[in-house]
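So the sequence shown is numbered by our numbering: it starts at 3 and just counts up by one.
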Amino acid sequence: MNGGTQRDEHLAARIKSLIRAVPDFPIPGIRFRDVMGLTEDAAGFRAATMALADRFRGAGAEVVVGIESRGFIFGAPVAQQLDVGFVPVRKAGKLPGEVSGVDYELEYGSARVEMQAGAITPGARVLLIDDLLATGGTAAAAVELIRGQGGVVAGAGFVVDLPELPG
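See below:
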């Protein structure tokens, strides 16, 4: 095992140790992953955002899209590290002006996300960032918004992946 791989494994273990599982939140039967412990730890937070940026550095992203709300927390620093802009995908009714929106299903209900019209330049390569991939519904809705504005999804990065769910 080389030093880089050992470092990566140590980094992954550190990041994982800072993410807490909360049973029965926001409703009974859901096991919520709380990433706030990661953001509260400067070294862990920096490591997580740098790992995301490094993973996609060669993807040619021209803009990062982050999904409300924790996708903002991780997406904005990734955008800075990649020296590209940041575009938020928000819950319905939170953005001023003309928006495009997509309705989708959550693992515990339904929701709608929106993006400001014209936020993505047609043909732009877009990196999608969020804190967590569960069922993939929110990410799929964001991809639909990106493609609806003519963007090309260059990659999607998540701090947490829940393999027990079909995402």
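For every residue, glycine included, the Cβ atom is placed at its ideal position computed from N, Cα and C.
Counting C-beta pairs closer than 8 Å gives three or more between the segment 76 to 88 and the segment 41 to 56, which meets the contact rule.
Secondary structure remark: continuous beta strand (DSSP E) runs of at least 3 residues inside the segment 64 to 111, in chain order: 65 to 69, 87 to 93, 101 to 108. In the structure shown, Val115 adopts extended strand secondary structure according to DSSP, grouped into three states. When DSSP states are grouped into helix, strand and coil, Leu147 belongs to the helix group.
For Leu134, the enclosing beta strand (DSSP E) starts and ends at 127 to 135.
Looking at the DSSP output, Gly159 bridges to Ile131.
Beta-bridge partners of Pro25 (DSSP): Arg33. Val65 sits away from Ala142, with the two beta carbons spaced by 8 Å or more. Three or more Cβ pairs drawn from the segment 156 to 165 and the segment 35 to 44 lie within less than 8 Å of each other, which places the two stretches in contact.
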